[in-house]
Amino acid sequence: MNTAATTHYPAMTTAEQVETRTLCVLVDNEPGVLARVIGLFAGRGYNIDSLTVSETEHEKHLSRITIVTRGTPMVIEQIKNQLNRLVPVHRVVDLTTTGPALQRELAMVKVRGKGELRMEALRLADAFRARVIDATNESFVFEITGASDKIESFINLMLPLGLVEVSRTGVVAIGRGPEGM
Amino acid sequence: MTEMTGAEMVIAALGDQGVEHIFGYPGGAVLPIYDALFQQDKVNHILVRHEQGAVHAAEGYARSTGKVGTVLVTSGPGATNAVTGLTDALCDSIPLVVITGQVPTHLIGNDAFQECDTVGITRPCTKYNYLVKDIADLPRALHEAFHIAASGRPGPVVVDIPKDIQFAKGDYFKPKEFQHRGYRPKVKGDLDKIKAAVDMMAAAKRPLFYTGGGVVNSGRAACDLLRELVKLTGFPITSTLMGLGAFPAADQQWLGMLGMHGTWEANWSMHDCDLMIAVGARFDDRITGRLDAFSPGSKKIHIDIDPSSINKNVKADVAIVGDCAHVLEDMVRLWRASAAIPDKKALQAWWEQIGKWRAKNSLAFRNSNEIIKPQYAIQRLYEQTKHHDTYITTEVGQHQMWAAQFYPFQEPNRWMTSGGLGTMGYGLPAAVGVQRAHPNALVVDIAGEASVLMTMQEMSTAVQYDLPIKIFILNNRYMGMVRQWQELLHGGRYAHSYTEALPDFVKLAEAYHAYGIRCEHPGELDDKIREMIEVKKPVLFDCVVDPTENCFPMIPSGRAHNEMLLGDATTRVEDAVTEQGKVMV
Chain X
1 MNTAATTHYP
11 AMTTAEQVET
21 RTLCVLVDNE
31 PGVLARVIGL
41 FAGRGYNIDS
51 LTVSETEHEK
61 HLSRITIVTR
71 GTPMVIEQIK
81 NQLNRLVPVH
91 RVVDLTTTGP
101 ALQRELAMVK
111 VRGKGELRME
121 ALRLADAFRA
131 RVIDATNESF
141 VFEITGASDK
151 IESFINLMLP
161 LGLVEVSRTG
171 VVAIGRGPEG
181 M
Chain H
182 MTEMTGAEMV
192 IAALGDQGVE
202 HIFGYPGGAV
212 LPIYDALFQQ
222 DKVNHILVRH
232 EQGAVHAAEG
242 YARSTGKVGT
252 VLVTSGPGAT
262 NAVTGLTDAL
272 CDSIPLVVIT
282 GQVPTHLIGN
292 DAFQECDTVG
302 ITRPCTKYNY
312 LVKDIADLPR
322 ALHEAFHIAA
332 SGRPGPVVVD
342 IPKDIQFAKG
352 DYFKPKEFQH
362 RGYRPKVKGD
372 LDKIKAAVDM
382 MAAAKRPLFY
392 TGGGVVNSGR
402 AACDLLRELV
412 KLTGFPITST
422 LMGLGAFPAA
432 DQQWLGMLGM
442 HGTWEANWSM
452 HDCDLMIAVG
462 ARFDDRITGR
472 LDAFSPGSKK
482 IHIDIDPSSI
492 NKNVKADVAI
502 VGDCAHVLED
512 MVRLWRASAA
522 IPDKKALQAW
532 WEQIGKWRAK
542 NSLAFRNSNE
552 IIKPQYAIQR
562 LYEQTKHHDT
572 YITTEVGQHQ
582 MWAAQFYPFQ
592 EPNRWMTSGG
602 LGTMGYGLPA
612 AVGVQRAHPN
622 ALVVDIAGEA
632 SVLMTMQEMS
642 TAVQYDLPIK
652 IFILNNRYMG
662 MVRQWQELLH
672 GGRYAHSYTE
682 ALPDFVKLAE
692 AYHAYGIRCE
702 HPGELDDKIR
712 EMIEVKKPVL
722 FDCVVDPTEN
732 CFPMIPSGRA
742 HNEMLLGDAT
752 TRVEDAVTEQ
762 GKVMV
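Protein sequences appear in the order of chains X and H.
Using the working numbering, read the first sequence as starting at 1 and increasing by one per residue.
Using the working numbering, read the second sequence as starting at 182 and increasing by one per residue.
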């Protein structure tokens, strides 16, 4: 496509490698703050793979947002800068680059089946250290915690055994070692 | 399937949707679409002078035809200038498709020249919006936009198209039918509920129809069915500002408009009725007044296509979600089938009571031989235009309320006004859109001198396209409604509501190559209105009226329907507004 002659906009720069990053964002827990963060991503065309949010410091009314995002190094840099520029944002930390970090997700997985399928689901759950948190004669709800790929493979295994539905928290993350963010 | 560029797809989709007129303004990010527009003659483009004008013109077009209005504007300021119009259309449920240009996809988020986050900015003021980042999605998005704008509760839809997508080539197709994954508005009402409603109507002793813009939006069939049902039942009927014309004002069962500046009989009937049948109306705060004193003794039937309108302000006893025409059709059928016999005696007593309220003659005003009273000017305008094929638009303020009170409408789609948002500057561009849709009709904008200056530049559009719109300005030199509230609520301290410098509207008309008329005495009103009608040019009619006239009746803020003020009320107006009421607007 040759638009150089018919547009006053610069052409696209050469493509860079796309990376996945996990960002922790400390924000004031005030009305509309999540909308501001999400609006920033939507408005500027950034990706959100996963997003979790909850108030973590009640007396200071601070919430921690964990965002998993994708982009070229330049785009990631922009995302961090743009987040930092938002008034209610206190801190942005890129856990992927600041050192070793832990990432966990929690999922509740509902499986329906009888007989051997049911037993197999239970055996696999045990192997994955998933807990049964609800049971009927023909169903289980499992609670599983772990890295996203572990949850992904557990869900894949449950698929032929009568998977009904899944509810996932999305990734929460924290740096290893004694220091806070 | 045909291969074409994104820009050509826009034109093809407009053509396939039967669009004849599009209102717009070119700019860098829509040039490919303008280029495609240039190379065809199916879709006519009307060049406005400001993007807000384009959206209001499309609203006037849509409201007067029942079709979807269309707009084409550029990125950045083009899109942000359209925001007031979009919000206006959302509030009044006007179907629009607004196409905005956007910077190329790779520059989105980059603070590029004339970039703004159009979908972010317009998300709260549209029914739905699209940012099309892949040429393969464009045909579906364009057609879906028309479907979403026109179906269910109508509203504005924005399609934001980056410039590289306008250049990109892809396969164009028109989807045969729409089966949206989630969006399926319910048009048929629940029959059990309609049956229950009909039973309540048959048993009612003091019933009242309260109808709104939803009936007009539903279309001609809904208005005819409403008329049939009102005749069958013999019940009285009132309407909101947006619903005027759905039921003929000349009819004996018509009580006039209700609400803040509604008639004594309409508001007292609302307050005292035992059954309220709300059809396509949303219990807006201008209608209800004080909510805890709103029609305390009545059961409420609420028919609305939007489930979120139900139980929002007022609890409905029977809620029927569906399109007015469909629900009214079932109601008429069930009413006939049930051979319901209303309590004749009770109804007669109800009509007698209404007669007493009517006798109050709440719209009465003291006329003058010296100075033109604005109410009188509208009465004369009506007398001179009633035998023409007339469409009325308005701006916002006192003149708008007087127009609603003194210009009776017999048919729907003849009355274009900014109800929900209250946008000063709506009427002139709306008149441009109406006149474009009805080239041989008489289109009059009943205006105020303050409002009309907000979009005056569109006179230039009217002149360019030979649209002989008549701008009938009730000139009192004040922002009249602001002045009235300052008089009632703020001790007569008229902070910045008087315009000390106004243009000479006659010379202004001439500067636009239009026609200017000034009228200063009641005696010359008829001749000059006739002159205005006869001139085959856009006209600015500067009608100099009494600057101190107030708009009555009025329900002061924070008060109930039975606490209305009348023009010659003995109550001192200043005492009528409570401290709590002053907080409300």
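Glycine is no exception: its CB is placed at the ideal position from the N, C-alpha and C atoms.
DSSP state of residue i mapped onto helix, strand, coil
i	result
H442 of chain H	coil
C306 of chain H	helix
R131 of chain X	strand
G400 of chain H	coil
T52 of chain X	strand
P337 of chain H	strand
R753 of chain H	Confidence at R753 of chain H is low in this model, with a pLDDT of 46, below 50, so its placement is unreliable and the value that follows should be read with caution. Looking at R753 of chain H - three-state DSSP - the assignment turns out to be coil, as it is neither helix nor strand.
H452 of chain H	helix
F354 of chain H	coil
M597 of chain H	strand
V313 of chain H	coil
Y679 of chain H	strand
R244 of chain H	helix
Q283 of chain H	strand
Q295 of chain H	coil
D149 of chain X	helix
M662 of chain H	helix
L746 of chain H	strand
A500 of chain H	strand
Y563 of chain H	helix
Proximity of residue i and residue j at Cβ, strictly below 8 Å
i	j	result
D498 of chain H	K526 of chain H	no
V249 of chain H	L277 of chain H	yes
L102 of chain X	V92 of chain X	no
T246 of chain H	P213 of chain H	no
Y206 of chain H	V236 of chain H	no
L648 of chain H	T566 of chain H	no
V502 of chain H	I482 of chain H	no
E639 of chain H	G234 of chain H	yes
G113 of chain X	A125 of chain X	no
T52 of chain X	T145 of chain X	no
V284 of chain H	A349 of chain H	no
Y391 of chain H	A459 of chain H	yes
L515 of chain H	V379 of chain H	yes
Q616 of chain H	I654 of chain H	no
Y646 of chain H	I227 of chain H	yes
R131 of chain X	F142 of chain X	yes
A558 of chain H	L706 of chain H	yes
L422 of chain H	G600 of chain H	yes
Buried or exposed by the 16-neighbour rule on C-beta atoms within 10 Å, applied to residue i
i	result
H507 of chain H	buried
N310 of chain H	buried
P305 of chain H	exposed
R463 of chain H	buried
R674 of chain H	exposed
S420 of chain H	buried
T13 of chain X	exposed
R595 of chain H	buried
D292 of chain H	exposed
K344 of chain H	buried
Sheet register partners of residue i (DSSP bridge)
i	result
A571 of chain H	In the sequence under discussion, the amino acid at residue 571 of chain H is Thr, which differs from the Ala named in the question. Note: T571 of chain H sits in a beta bridge opposite H:L623.
M457 of chain H	H:L389, H:K481
E143 of chain X	X:M108, X:R131
H202 of chain H	H:N225
W583 of chain H	None; W583 of chain H has no bridge partner.
W435 of chain H	H:I418
I370 of chain H	One point to set straight first is that residue 370 of chain H is Gly, not Ile, in the sequence displayed. According to DSSP, G370 of chain H bridges with nothing at all.
Residue i beta carbon near the ligand ZN (any heavy atom closer than 7 Å)
i	result
G199 of chain H	Among the ligands in the structure shown, none appear at all, so the ligand ZN cannot be discussed.
Interface flag, residue i vs chain C, CB-CB below 8 Å
i	result
I214 of chain H	Of the protein chains in this structure, namely X and H, none is chain C.
| task | Determine which residues of the region 120-132 of chain X have a Cβ less than 8 Å from any Cβ of chain H, and write them out in chain order. | result | none
| Which residues, in chain order, does the region 274-287 of chain H contribute to contact with chain X at a C-beta distance below 7 Å? | V284, P285, H287
| request: Identify each residue in the region 65-84 of chain X for which the Cβ-Cβ distance to at least one residue of chain H is less than 9 Å, and report them in chain order. | output: V75, Q78, Q82
| query | Which residues, taken in chain order from the region 143-162 of chain X, show a beta carbon closer than 9 Å to some beta carbon of chain H? | reply | none
| task | Check each residue of the region 43-60 of chain X: if its Cβ is closer than 9 Å to any Cβ of chain H, include it; give the result in chain order. | result | G43, R44, G45, Y46
| task | Scan the region 335-347 of chain H for residues whose Cβ lies nearer than 7 Å to a Cβ of chain X and list them as they occur along the chain. | result | K344, D345
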